[in-house]
Amino acid sequence: MPRISAVSSKLSSTLVFGEFFILSKVLSFASFKIS
Numbered sequence: 001m002p003r004i005s006a007v008s009s010k011l012s013s014t015l016v017f018g019e020f021f022i023l024s025k026v027l028s029f030a031s032f033k034i035s
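Heads up, the sequence shown stops at 35 in UniProt numbering, and the numbers go up one at a time, no gaps.
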């Protein structure tokens, strides 16, 4: 069981990192369009 929990925690952290990456991309693109 600890193996599965480790994999799920790694997956969730990867998803959170991906969300932050996409959000920063969208914000930088929006600021570029505004300016």
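Note that beta-carbon positions come from the ideal geometry of N, C-alpha and C, so glycine has one too.
Residue i in three-state terms, based on DSSP
| i | result |
| --- | --- |
| Ser5 | helix |
| Ser13 | helix |
| Ser31 | helix |
Contacts around residue i, its chain only, beta-carbon distance under 7 Å, and the 5 residues preceding and following it disregarded
| i | result |
| --- | --- |
| Ser31 | none |
| Ile22 | none |
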